[in-house]
Amino acid sequence: MNAHRSIVLAITLAASLSAAAVQTASAQEAEAPPRQHWSFHGPFGLYDPAQLQRGFKIYREVCSTCHSLKLLAFRNLADPGGPGFTEAQAATIASGFQVTDGPNDKGEMFQRPGKLADHFPPPFPNDQAARAAMGGGLPPDMSVLAKARGFEAGFPWFIFDAFTQYQEDGPDYIHAILVGYEDAPARVALPPGSQYNKYFPGHAIAMPKPLTDGQVEYTDGAPATVDQYAKDISAFLMWAAEPKLDERKRLGFQVFVFLIVLTGLLYFTKKKVWHDVHHPEVA
Amino acid sequence: MSANSIYKPQSPVMQWLERRLPIAGLVYSSFIVYPTPRNLNYWWTFGGILAFMLGAQMVTGIVLAMHYTPHVDLAFNSVESIMRDVNYGWLLRYLHANGASFFFVAVYAHIVRGMYYGSYKDPREVLWILGVILFLLMVVTGFMGYVLPWGQMSFWAATVITNLFSAIPWVGDPIVTWLWGGYAVGNPTLNRFYSLHYLLPFVIAGVVVLHVWALHMVGQNNPTGVEPKTEKDTVAFTPYATVKDAFFIGVFCLFLAWFVFYIPNYLGHSDNYIPANPGQTPTHIVPEWYYLPFYAILRAIPNKLLGVIALLASIVLLAFLPWLDTSRVRSANYRPLYRQFLIVFFLAVIGLGYLGSQPPEGGYVIAARILTAYYFVFLLIILPLLGLFETTKPLPNSISEAVLPASGAKV
């Protein structure tokens with residue numbers, strides 16, 4: 004018996020030793036982005052419309068020069084759970100963009116002001132044009148960017164994240180990239196046309212530092228700093244990627260209340276049905 | 005099926021129907037009076053949960069299929085349009101994607117229960133083998149479903165997994181070309197995966213019918229592993245098992261709802277929100293979490309063909325459990341050594357799952373090799389030998405003796 008127990012012990016020990024060897028193998032990745040406070044975190048966390056409006060302003064004035072937002076339509080700006088523009092405001096914003104339409108009766112494509120139903124027009128007609136203008140790099144479409152980026156929390160943190168409902172590694176990462184521009188350390192040689200970024204995997208990022216303090220004018224008293232800009236655009240991009248988050252969490256709460264009541268009733272029904280089986284001498 | 009299964013319809017309509025198609029009698033004997041052991045614990049509710057999940061996946065899947073476009077240029081955006089423009093599309097998609105994960109949570113719990121309590125042993129071998137076939141079908145269906153959103157992980161997982169067939173000597177490459185319907189993963193691949201992803205759940209449903217049929221021939225195992233002997237050992241399926249299953253389906257749905265509504269992308273990979281790009285390989289190609297242990301076994305073997313064989317063997321060997329396990333005692337509760345080795349086996353599979361998510365380098369490979377070795381040593385050496393040498397604990401004479409207090413004693 005004891006001999007067998009020690010076999011089991013030896014196997015467990017071997018497994019844990021090899022796990023320890025594993026720990027040293029991969030510790031040289033980019034620094035993990037610090038976690039920010041987001042209004043949309045947690046079971047009741049919703050988007051802050053004022054923040055989304057500021058973020059949209061940054062997209063429009065800065066990001067949209069190079070980055071498309073193809074999956075979003077102007078009408079989305081007036082959707083519930085979004086930046087909270089009125090339909091009239093959204094229509095005004097749309098009319099500020101030129102959209103390619105057609106072909107018309109003469110078979111020609113033409114430009115016209117945007118309408119609510121139009122999607123955001125891309126800054127370049129195609130990827131090749133974007134690459135040509137950007138020196139080879141392709142600025143990614145921003146529609147689902149906040150869900151397409153992230154970082155590994157690693158063991159055991161990823162287990163805690165399931166309980167704390169941490170789903171904001173995307174916006175945390177985007178924020179970190181935007182504030183992570185630094186002078187390259189002396190020993191680092193960057194490829195031509197790239198900048199040093201503390202949080203970018205490999206550190207050499209093709210995008211030039213996009214934001215500086217005071218660059219975008221805020222009218223609601225929010226600080227005009229790179230850190231605030233980075234937070235606002237990250238929140239906006241999270242909304243762009245997950246526009247139904249508010250609706251999802253509201254419905255989620257209702258579903259939870261319903262399921263808890265239903266499961267509770269089923270539990271007591273089960274207890275009553277099984278009572279005689281568990282206590283046969285009473286029956 | 006069993007002696008007390010006689011259904012006597014009261015209404016003339018049902019009497020008329022019963023003489024022509026005894027379907028009500030079948031339901032009555034299979035799901036009402038069907039005797040189930042009185043000592044089943046909550047591990048036995050996963051069968052019902054799996055049936056529920058299969059139904060849920062079919063319902064959400066059929067509606068998603070009404071809005072999805074299986075074309076390499078349109079698939080990614082059609083999924084995004086489901087998320088944005090279809091009423092409750094986000095709910096359907098998150099239910100379906102997380103539902104797949106929870107389908108696997110339930111099937112793994114179901115398999116763990118079967119292995120722990122020796123549910124595969126005589127006379128339940130066919131029942132067990134049908135279960136292994138169901139698991140294999142689920143693996144294939146889940147994999148094809150993961151390809152459909154046509155993100156980076158979809159595309160590269162499809163590439164990596166279909167390429168495994170190229171390891172077959174001589175005919176490997178032609179087979180891969182045939183699977184792809186072209187010389188690379190492309191539109192024909194996506195189309196056939198979509199077609200099969202829609203077909204296979206119905207095949208699963210068919211095998212489930214056989215699985216339930218076989219179950220009702222031999223009856224359920226129970227935590228003691230001792231067959232029911234008298235009526236005192238069993239209770240009727242309805243209301244006892246029905247209400248217990250319903251309660252635990254409720255608990256399971258709460259667990260699922262936590263993921264669907266609050267952390268819907270927790271189990272996914274962020275790279276799958278990048279549209280598929282054949283020209284750019286992701287840094288780490290990782291399958292969904294439920295395949296990770298098998299992925300780790302595949303990568304632990306340095307030779308490609310042997311790796312593929314080990315991957316297949318790791319699942320197919322399970323079908324031979326009834327014969328690999330030589331012990332006549334079913335339940336691990338009465339097999340102290342088997343219990344320990346089995347728990348280490350389960351921990352090894354979890355360990356392999358973690359290693360499958362890590363890059364195949366350095367210590368990870370060594371650890372994966374040790375755990376892979378244990379996986380096969382357990383199935384091929386420890387199991388057959390244990391049955392011959394293990395001293396088991398005395399079994400109770402009956403289920404009621406094991407679970408009921410001695411007469412007169414008050415609980």
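Chains as they are written, first to last, in our numbering: chain F, 4 to 286; chain E, 5 to 415.
Built from N, CA and C at the ideal position, the CB exists for glycine as well.
Self-check item: Top-ranked residue by Cα proximity to residue 338(E), from 121(E), 324(E), 160(E) and 13(E)
Solution: 121(E)
Quiz prompt | Same chain, Cβ closer than 8 Å to residue 96(E), five either side skipped, listed in chain order | solution = 64, 67, 68, 86 and 90
Quiz prompt | Helix, strand or coil at residue 199(F) according to DSSP, with G and I counted as helix | solution = strand
Quiz item: Do you know whose CA, among 26(E), 31(E), 23(E) and 21(E), lies nearest residue 216(E)'s CA?
Solution: 31(E)
Quiz item: Within 7 Å (strictly less), CB to CB, does residue 277(E) reach chain F?
Solution: yes
Quiz item: With a CB to CB cut of under 6 Å and the five nearest residues on each side skipped, what residues in its chain are close to residue 50(E)?
Solution: 110, 113 and 114
Quiz item: Smallest Cα separation from residue 255(E): which of 25(E), 46(E), 325(E) and 34(E)?
Solution: 46(E)
Quiz item: Can you list, in chain order, the residues of the region 57 to 71 of chain F whose Cβ is nearer than 9 Å to any Cβ on chain E?
Solution: none
Quiz item: What is the residue span of the alpha helix (DSSP H) that residue 82(F) lies within?
Solution: No alpha helix (DSSP H) holds residue 82(F); DSSP gives it neither H nor E.
Quiz prompt | Close Cβ partners of residue 371(E) (< 6 Å) along its chain, the five nearest in sequence each way excluded | solution = 359
Quiz item: Any Cβ of chain F within less than 7 Å of the Cβ of residue 17(E)?
Solution: no
Practice problem: Would you check if there are 3 or more beta carbon pairs closer than 8 Å linking the region 277 to 284 of chain E to the region 344 to 351 of chain E? | Solution: no
Quiz item: For the region 243 to 272 of chain E, which segments carrying the alpha helix (DSSP H) assignment without a break, of at least 4 residues, lie completely within its bounds, in sequence order?
Solution: 246 to 261
Quiz item: Does DSSP classify residue 332(E) as helix, strand or coil?
Solution: coil
Quiz item: Whose CA, out of 28(E), 175(E) and 268(E), lies closest to the CA of residue 309(E)?
Solution: 175(E)
Self-check item: Neighbouring residues, chain E, relative to residue 277(F) (Cβ below 7 Å)
Solution: 244
Practice problem: Assign residue 295(E) to buried or exposed, taking buried as 16 or more other Cβ atoms, counted over all protein chains shown, within 10 Å of its Cβ. | Solution: buried
Quiz item: If you draw a straight line from the alpha carbon of residue 236(F) to that of residue 58(F), how long is it in whole angstroms?
Solution: 4 Å
Quiz item: How would you write the range of the alpha helix (DSSP H) that residue 280(F) sits in, first residue to last?
Solution: 248 to 281
Self-check item: Cutoff 7 Å; reference residue 41(E); Cβ partners in own chain excluding five residues on either side
Solution: 224, 226, 232, 237, 238 and 403
Quiz item: Can you give the Cα-Cα distance for residue 123(E) and residue 48(E), rounded to whole angstroms?
Solution: 11 Å
Quiz item: Mind checking whether residue 151(F) and residue 158(E) have CB atoms under 7 Å apart?
Solution: no
Quiz item: Looking at the C-beta of residue 397(E), does it have a partner C-beta in chain F at a distance below 7 Å?
Solution: no
Exercise. Closer than 9 Å by beta-carbon distance: list the chain F residues that pair up with residue 267(E), in chain order.
Key: 164, 165, 168, 169 and 170
Practice problem: Can you give me the start and stop residues for the alpha helix (DSSP H) that residue 163(E) sits inside? | Solution: 156 to 167
Quiz prompt | With 16 other Cβ atoms within 10 Å as the buried cut-off, status of residue 112(F) | solution = exposed
Quiz prompt | Ordered list of beta strand (DSSP E) runs contained in the region 19 to 67 of chain E, each at least 3 residues | solution = 39 to 41
Exercise. Find the residues of chain E that neighbour residue 260(F), judging by a C-beta separation of less than 8 Å, and give them in chain order.
Key: Chain E residues near residue 260(F): none, gap ~11 Å exceeds 8 Å.
Exercise. Quick one: which residues of the region 191 to 216 of chain F get their C-beta closer than 8 Å to a C-beta of chain E? List them in chain order.
Key: 204
Exercise. Under 8 Å by Cβ, that's how I've got residue 54(F) and residue 42(F) pegged, so tell me the actual separation to the nearest angstrom.
Key: 7 Å
Quiz item: What separation, rounded to the nearest whole angstrom, lies between the Cα atoms of residue 246(F) and residue 278(E)?
Solution: 17 Å
Quiz item: Taking contact to mean at least 3 C-beta pairs separated by less than 8 Å, is the region 173 to 186 of chain F in contact with the region 200 to 209 of chain F?
Solution: yes
Self-check item: Rounded straight-line distance, which links the Cα of residue 100(F) to that of residue 114(F)
Solution: 10 Å
Exercise. Using a cut-off of 8 Å between C-beta atoms, extract the partners of residue 270(E) located in chain F.
Key: 164, 165 and 170
Quiz item: Any residues in the region 40 to 67 of chain E with a beta carbon nearer than 8 Å to a beta carbon of chain F? Which ones, in chain order?
Solution: 42
Quiz item: When the Cα atoms are used, what is the spatial distance from residue 161(E) to residue 148(E)?
Solution: 10 Å
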